[in-house]
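Engineer: I have a structure I would like to understand better, so I am pasting it below and will then ask my questions one at a time.
There are 4 protein chains.
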Amino acid sequence: MVGNSFGEVFRITTWGESHGKAIGVIIDGCPAGLHLDKGYIQKELDRRRTGQSEVTSPRKESDKVEILSGVFEGKTTGTPLSLMVENKDIDSSGYERFKDLFRPGHADYTYQTKYGIRDFRGGGRSSARETVGRVAAGAVAKKVLGLENIKIMGYTLQIGSIKAKKIDLSETEKNEVRCPDRDAGKEMIKRILEVKRSGDSIGGIVELIVTGVIPGLGEPVFDKLDGDIARAMLSIGAVKGIEIGAGFDVATFLGSQNNDEFYNNKGTIATRTNNSGGILGGISTGEEIKIRIAVKPTPSISKTQKTVNITGEDSTIVIHGRHDPCICPRIIPVAEAMMALVLTDHLLRNKLARIS
Amino acid sequence: MVGNSFGEVFRITTWGESHGKAIGVIIDGCPAGLHLDKGYIQKELDRRRTGQSEVTSPRKESDKVEILSGVFEGKTTGTPLSLMVENKDIDSSGYERFKDLFRPGHADYTYQTKYGIRDFRGGGRSSARETVGRVAAGAVAKKVLGLENIKIMGYTLQIGSIKAKKIDLSETEKNEVRCPDRDAGKEMIKRILEVKRSGDSIGGIVELIVTGVIPGLGEPVFDKLDGDIARAMLSIGAVKGIEIGAGFDVATFLGSQNNDEFYNNKGTIATRTNNSGGILGGISTGEEIKIRIAVKPTPSISKTQKTVNITGEDSTIVIHGRHDPCICPRIIPVAEAMMALVLTDHLLRNKLARIS
Amino acid sequence: MVGNSFGEVFRITTWGESHGKAIGVIIDGCPAGLHLDKGYIQKELDRRRTGQSEVTSPRKESDKVEILSGVFEGKTTGTPLSLMVENKDIDSSGYERFKDLFRPGHADYTYQTKYGIRDFRGGGRSSARETVGRVAAGAVAKKVLGLENIKIMGYTLQIGSIKAKKIDLSETEKNEVRCPDRDAGKEMIKRILEVKRSGDSIGGIVELIVTGVIPGLGEPVFDKLDGDIARAMLSIGAVKGIEIGAGFDVATFLGSQNNDEFYNNKGTIATRTNNSGGILGGISTGEEIKIRIAVKPTPSISKTQKTVNITGEDSTIVIHGRHDPCICPRIIPVAEAMMALVLTDHLLRNKLARIS
Amino acid sequence: MVGNSFGEVFRITTWGESHGKAIGVIIDGCPAGLHLDKGYIQKELDRRRTGQSEVTSPRKESDKVEILSGVFEGKTTGTPLSLMVENKDIDSSGYERFKDLFRPGHADYTYQTKYGIRDFRGGGRSSARETVGRVAAGAVAKKVLGLENIKIMGYTLQIGSIKAKKIDLSETEKNEVRCPDRDAGKEMIKRILEVKRSGDSIGGIVELIVTGVIPGLGEPVFDKLDGDIARAMLSIGAVKGIEIGAGFDVATFLGSQNNDEFYNNKGTIATRTNNSGGILGGISTGEEIKIRIAVKPTPSISKTQKTVNITGEDSTIVIHGRHDPCICPRIIPVAEAMMALVLTDHLLRNKLARIS
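First to last, the sequence lines map onto chains A, B, C and D. Residue numbers in the first sequence follow my numbering, run continuously in steps of one, and reach 358 at the last position. Residue numbers in the second sequence follow my numbering, run continuously in steps of one, and reach 358 at the last position. Residue numbers in the third sequence follow my numbering, run continuously in steps of one, and reach 358 at the last position. Residue numbers in the fourth sequence follow my numbering, run continuously in steps of one, and reach 358 at the last position.
Pasting the structure below:
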């Protein structure tokens, strides 16, 4: 019931603050017998790391993960996995200034109001740094999904008004914005740098597709697969909207347009279109799962903004610091991790659906 | 962990199938001492009932609610509330035909695949009739919220390509599509009837606003208020997308545009804009909560559709029955109920945030 | 988190008060495909019914169960089962007198203090009548266990100072106190009637054994099988203690006495003794599970007792009504039901222990 | 649902193996604003440490706790507390021998059977070392309880057949077996050393009392206070039974003996006797809570025992190592911690019982 855990049977609990000693995650419910090593998890962490390029934050964290429990002789044992990353490049000096000010678009005001106290250094718990634990846990989840050949791929679909015009997944990891359209990617980078120079930030849209999905994942009526995916995505700080399949386009569709007709595809039941995004009645159909998320511009900008201080007096604020001018490229591994966590949880839960 | 419960401390469990004997909900965790009577709940149920107008399904259910437990001398006692509605106007004969066919856009195929069995009569558990329990429970939740003057209002923003051009909340309940723009409402009704005559259905967009919200609702980092709202909305059968505040528009925004600046509003901290939709860092700010949901066209249409039967053979299907040509008007009380459940749950949870 | 649910993946929620309209249970998480009919559940309910003999309460309830949802064509569908029993023989008149008095040994005082309100009629929610739902759900659980040949048998081991001297399980259901020793059973009945005549009640000890248990049930370190059994048993109103295996005798044992040595029993790993009661490290060993529970004398007695009223003034009370002079015989089906629920839950959860 | 978490709103998750790098606990749901420092937690850890005396295991662990998150400027912030203790004095060499053998009375066989793999070094996850995390979390819980003047005191009541004849709580922490009767304590120590010399171990009984309890703690009907205490106690490795209040003595009691009559004690409702152990209907009465637990003799003994190996072949085993000849003295801080966790959880949950 408490807020820092996610998942029912493959359950993670993240802990740690941006400028604390370390940050980490506990995974409880990982099945025994899964091959797991540190190097594998490290690779996923490296994908979300800061300092990757000039379009990301320059904070220099090596983000070296340690496995403190739950693995013996290279395999999971069914006991909790404790994964930890030490915070190294901490520079809290710049935050003293914001101690009594509420940064617009950030969680400073709401944390202070809810708890009566907040660790203001680097955003404390509400920092994107918290997602280190998610990505580490997501790597383990991806390993479970890999046993079933389920694969998750995320990419940047749009930055500002620049849209990818084609989806070539082999391009995604080759450019700094993770755009599956190389040319659009170049434009996106250009636009981000422009915005960055002006002391501003910019939003975008990220799409995720999942292939190899097994029909049957999802537990009606409240733990629907799409509902759980939505909650997972909205749990990422910058996300303000989500679409499944045709998403908001369904508003203008007729039923005869929107319904995905079934047909026999060489012995397998399939649909010709996929407006449902691979989910019907909250349960996976076996078709590709496809979702899109709206990513807001990073709230930390160096332009002067109006705000109030902790006693409610009007004030202004200028935020210099190590921030991402556009969070899309680095949100992708986090969104993939959350998707992996949802799917793994439902994959396991689905084992209980029938008398066997 | 099982799928038919919603909420952590104000927890509901719905049960029942479309053509079973009855349908109902258990509410556990409702605080003791709340004044509650059957008539009050009945009013909310009447708002979602079928047969209200020619734009809704003609199934004639009086939907009379009974309170079987948890209330004594007009007040809740802290023990579970059991609310039940009998199914009266059941006509399963028309469904025998679909017994072995998978209706496109419905959950027939996924339920059959997941469970190896399904109650095909009227969609069984996946029928919109399940939402009777949600609305009944939502009425109780609204009562709890009412003690704090928190108020939820839903309305139809768009049907097909017809959009409300103004928001006059006093109009909403006066027209059959629950549109806050009377003129747009008329056009919407016309369009729905046109589509209905052609044997088709149509989608739309519903918006919800919540006023009187207290700052502090939401539990980071995974039980964020927006995440829980998203899950709640996506748990409604026809919903394919959700936006919080500015939603997908944030993709094109700069940080300086999107950030809601704080100011001192006669002694209260407030924001001048509300792109965040009243939620920052997963916690309510106290501003109006605003969300929009994408509602797909009802999948039951009387046009001929291609599909497969239970053994995977290609076939066709024509669905005559008692269906809503557009589900937007009747989804509103359901969406409001889900919003009420999320907010009540978080309102109670927030009492535990601090040492007092 | 709310208190009226039990189980994690095979989850029940009971509802209803002693003198309300009905009483019932929702089972969520019952696997699809289980054969189930009303008559089967009815048999278990009949075992806990009042009015069975002169050693039980004379309240005349036929306790006819209805299955309102979750079963289609004789099989479970994976959706929630709603089981309901109407309250028929309600006579609340006798309780008006106790409206403002706290009956010693009952939950009147604690409910009133916690909730500020209580349904005083027949004990309201804290009545043993609530266990109707448990027994109905337990019957379903027993059906799941039956597929694995797991069998639960409860019996009365002791009433007052009269102890069973032998365990002949074929005798248990043949006598009114469910004693596996026919002669001791006769003495027990005699003693109960004697106590009843004097306006008093008496306690006892009930033992449960489970055969056919599969090794591996139980989830360390907090959801241990023995811990969950203990909680289940203590959730029954009259239970004040529990022992697993050798129980309190271990206090005087040496390690060399207490340890159950393993040996190869024709190809299966077994233990020669069973002081552990079939559970090691919170996980079933495959040996017989054996537990004992301490059952307090029914608090409703017709002797004059001192007490206070709702405003705290000293007073006296005499309780005439329809009560069991000894609850042991009727607690047995309830204890078996709770055991069945714990085991079914862990049987299902154990399917997730390993990569398969 | 997964097994390594305890508590609903004050929720802990322990992690770590006996011979892993570290061991720890996450506390989620600790209210913000609680004063907390490392030194305070350390004191409780020191009470459970090995190497305290010749009646405890000689393993030399300093058990220095680190607070990795959740505390800022000396106060909790409402975010997860991560507490960690490094394992220093690890000597796994002695365990290689037991790699393929199942130690009688230990969880080796059940872990191996359930998970197909186990960390055999020092018992791995099933080691008593796991309780470090519990005691650290329990210290935090005690701090919350302290704000309400709720106090928990545990002591050794019996070792083998030697019983405390008087309860002088000021004596408890002065002797090595934590016996509240100084003379009995001396005899107990003598007996333990005797047993130790013979290569054996011995059991006992530990009692806990809680003073200052507020009426109203506990959530019927399944999350009863006594049920949750029972589960908490049985989750401790060596515990095989629990009694609440009069416990198994109720079997021989008449109702008129067992019922605790209420009276007005200078304006407060109280009971003259306390057979109920301070709990009625699963809710605290405000009287002292009193429970007793049966503690089995440590299964690690140096006498030759029969057992089987991993392939099921008969074998023998002799366990030399660093073990407690009697675990009672060191189980006390663990049992107190578990009691503190249960009470804190229910103290917080009780805030939600009524409309306020």
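Ideal Cβ positions, reconstructed from N, Cα and C, are used throughout, including at glycine.
1. Quick one: what does DSSP say A/Lys145 is sitting in, helix, strand or coil?
2. Assuming B/Phe74 contacts C/Ile329 under a Cβ cut-off of 8 Å, what Cβ separation, rounded to an integer in Å, is found between them?
3. Taking just the CA atoms, how far does B/Met190 sit from B/Lys176?
4. Taking only three categories from DSSP, how would you classify A/Glu315?
5. At the 7 Å Cβ level, is B/Pro222 part of the contact set with chain A, yes or no?
6. Show which residues of chain C have a CB atom less than 7 Å away from the CB atom of B/Ser71.
7. So if DSSP puts D/His158 in a beta bridge, which residue, or which two residues, is it bridged to?
8. What does D/Val11 touch in chain B if you count any residue whose Cβ is under 7 Å from its own?
9. Measure the Cβ-Cβ separation of C/Ser278 and C/Leu227 and say whether it is below 7 Å.
10. So which residues on chain C does B/Asp185 lean against when the C-beta distance must stay under 9 Å?
11. For C/Thr174, go through chain D and note every residue whose CB falls closer than 7 Å to its CB, in chain order.
12. Name the chain C residues that come within less than 8 Å of A/Ala339, Cβ to Cβ?
13. Got a sec, what are the start and stop residues for the beta strand (DSSP E) B/Gln307 sits in?
14. Around the C-beta of C/Val320, are 16 or more other C-beta atoms found within 10 angstroms, so that it is buried, or is it exposed?
15. In this structure, how does DSSP classify B/Glu98 when only helix, strand and coil are distinguished?
16. As a quick exercise: from C/Gly206, C/Lys168, C/Thr306, C/Asn311, pick the residue whose alpha carbon is nearest that of D/Thr270.
17. Going along the chain, which residues of its own chain have a beta-carbon closer than 7 Å to the beta-carbon of B/Val197, five neighbours each way excluded?
18. Do the stretch 281-295 of chain A and the stretch 71-87 of chain A meet, that is, are 3 or more Cβ pairs less than 8 Å apart?
19. May I have the straight-line CA-CA distance separating B/Ile154 from B/Lys144, to the nearest angstrom?
20. Any contact of the stretch 161-177 of chain C with the stretch 6-20 of chain D, i.e. 3+ C-beta pairs under 8 Å?
21. Where does C/Ser258 fall in DSSP's three states?
22. For B/Gly140, decide whether its Cβ has a neighbour in chain D, counting only Cβ atoms nearer than 7 Å.
23. How many whole angstroms separate the CB atoms of D/Val241 and D/Val297, which I take to be in contact at a CB cut-off of 8 Å?
24. Closer than 8 Å by C-beta to B/Thr81: which residues in its own chain qualify, once you throw out the five before and the five after it? Chain order, please.
25. Where do the ends of the alpha helix (DSSP H) carrying A/Val344 lie?
26. Using the beta-carbon count (16 or more within 10 Å), is C/His325 buried or exposed?
27. If you compare alpha carbons, which of B/Lys165, B/Ile194, B/Gln54, B/Thr346 is closest to B/Gly214?
28. Does DSSP put D/Lys167 in a helix, in a strand, or in coil?
29. According to DSSP, simplified to helix, strand and coil, what is D/Thr213?
30. Considering only heavy atoms of the ligand SAH, does any lie closer than 6 Å to the CB of B/Arg61?
31. Cutting at 8 Å between CB atoms, please list the residues of its own chain near D/Ala272, excluding the five before and the five after it.
32. When the Cα of C/Pro222 is compared with those of D/Gly229, D/Arg233, D/Ile216, which residue comes out closest?
33. How do the stretch 36-53 of chain C and the stretch 61-69 of chain C stand: do at least 3 beta-carbon pairs fall below 8 Å, yes or no?
34. For C/Asn352, is the classification buried or exposed, using 16 other Cβ atoms within 10 angstroms of its Cβ as the cut-off for buried?
35. For a cutoff of 7 Å on Cβ pairs, would you count B/Ala34 as touching chain D?
36. To the nearest angstrom, how far is the alpha carbon of C/Glu209 from that of D/Ala253?
Structural biologist: Concretely, from the data shown:
1. Start at 1 with the first residue of the first sequence, and residue 145 of chain A comes out as number 143. Of the three classes helix, strand and coil, the one that applies to A/Lys145 here is helix, per DSSP.
2. By one-based count along the second sequence, residue 74 of chain B stands at place 72. By one-based count along the third sequence, residue 329 of chain C stands at place 327. With 8 Å as the limit, B/Phe74 and C/Ile329 do not qualify as a contact, their Cβ atoms being about 25 Å apart.
3. Stepping through the second sequence from its first residue, residue 176 of chain B is reached at position 174. Stepping through the second sequence from its first residue, residue 190 of chain B is reached at position 188. Going by the C-alpha atoms only, they are around 14 Å apart.
4. Taking the first residue of the first sequence as 1, we reach residue 315 of chain A at position 313. A/Glu315: coil per DSSP, three-state reduction.
5. The residue labelled residue 222 of chain B in the question sits at position 220 within the second sequence. Yes, because at least one Cβ of chain A sits closer than 7 Å to the Cβ of B/Pro222.
6. Looking up residue 71 of chain B in the second sequence gives position 69. Within 7 Å Cβ-Cβ: Trp17, Gly18, Glu19, Gly22.
7. Start at 1 with the first residue of the fourth sequence, and residue 158 of chain D comes out as number 156. Residue identity differs from the one stated: residue 158 of chain D is Thr in this sequence, not His. Per DSSP, D/Val208.
8. Position 9 of the fourth sequence, counted from the first residue, corresponds to residue 11 of chain D. Chain B residues near D/Val11: Leu354.
9. Translated into the one-based positions of the third sequence, residue 278 of chain C becomes position 276. Translated into the one-based positions of the third sequence, residue 227 of chain C becomes position 225. No; because the gap between Cβ atoms is not below 7 Å, this pair is not in contact.
10. Against the second sequence, residue 185 of chain B aligns to sequence position 183. The premise fails here: B/Asp185 is roughly 43 Å from chain C at the closest Cβ pair, so nothing lies under 9 Å.
11. Along the third sequence, read from residue 1 onward, the residue named residue 174 of chain C stands at position 172. Residues of chain D passing the Cβ test: none, with the nearest at roughly 18 Å.
12. Residue numbering aside, residue 339 of chain A sits at position 337 when the first sequence is read from its first letter. Correct list: empty, because the minimum Cβ distance to chain C is about 20 Å.
13. Walking along the second sequence from the start, residue 307 of chain B turns up at place 305. First-last of the beta strand (DSSP E) with B/Gln307: 307-310.
14. What you label residue 320 of chain C is simply residue 318 of the third sequence in a count that begins at 1. Label assigned to C/Val320: exposed.
15. To locate residue 98 of chain B, count along the second sequence from 1; it is residue 96. Looking at B/Glu98 - three-state DSSP - the assignment turns out to be helix.
16. Stepping through the fourth sequence from its first residue, residue 270 of chain D is reached at position 268. The candidate whose alpha carbon is nearest that of D/Thr270 is C/Asn311.
17. Position 195 of the second sequence, counted from the first residue, corresponds to residue 197 of chain B. Taken in chain order, the residues that qualify are Ser203, Ile204, Pro327.
18. no
19. Here residue 154 of chain B is taken as the residue at index 152 of the second sequence, counted from 1. Here residue 144 of chain B is taken as the residue at index 142 of the second sequence, counted from 1. Spanning the two alpha carbons is a distance of roughly 8 Å.
20. no
21. Residue numbering aside, residue 258 of chain C sits at position 256 when the third sequence is read from its first letter. Helix.
22. Along the second sequence, one-based indexing puts residue 140 of chain B at 138. It does not: the Cβ of B/Gly140 has no partner Cβ on chain D nearer than 7 Å.
23. The count along the fourth sequence starts at 1 and reaches residue 241 of chain D at position 239. The count along the fourth sequence starts at 1 and reaches residue 297 of chain D at position 295. Rounded, the Cβ-Cβ distance is 6 Å, consistent with contact.
24. Taking the second sequence and counting its residues from 1, the one referred to as residue 81 of chain B is at position 79. Result list for B/Thr81: Ser71, Gly72, in chain order.
25. As a working mapping, residue 344 of chain A is identified with position 342 in the first sequence. Taken as a continuous stretch (DSSP letters only), the alpha helix (DSSP H) holding A/Val344 covers 330-351.
26. Within the third sequence, the letter at position 323 stands for residue 325 of chain C. Per the 10 Å Cβ criterion, buried.
27. What you label residue 214 of chain B is simply residue 212 of the second sequence in a count that begins at 1. If we check each option's Cα against that of B/Gly214, B/Thr346 comes out closest.
28. Taking the fourth sequence and counting its residues from 1, one reaches residue 167 of chain D at position 165. Coil.
29. Along the fourth sequence, one-based indexing puts residue 213 of chain D at 211. Correct three-state label for D/Thr213: strand.
30. Annotation note on the ligand SAH: not contained in the displayed structure, which lists no ligands.
31. Stepping through the fourth sequence from its first residue, residue 272 of chain D is reached at position 270. Within the same chain, D/Ala272 has close Cβ partners Phe264, Tyr265, Asn266, Gly288, Glu289.
32. Locating residue 222 of chain C in the third sequence gives position 220, counting from the first residue. Cα-wise, what sits closest to C/Pro222 is D/Arg233.
33. yes
34. Within the third sequence, the letter at position 350 stands for residue 352 of chain C. Buried is the call here.
35. Taking the first residue of the second sequence as position 1, residue 34 of chain B is located at position 32. B/Ala34 counts as touching chain D.
36. As a working mapping, residue 209 of chain C is identified with position 207 in the third sequence. As a working mapping, residue 253 of chain D is identified with position 251 in the fourth sequence. Spanning the two alpha carbons is a distance of roughly 12 Å.
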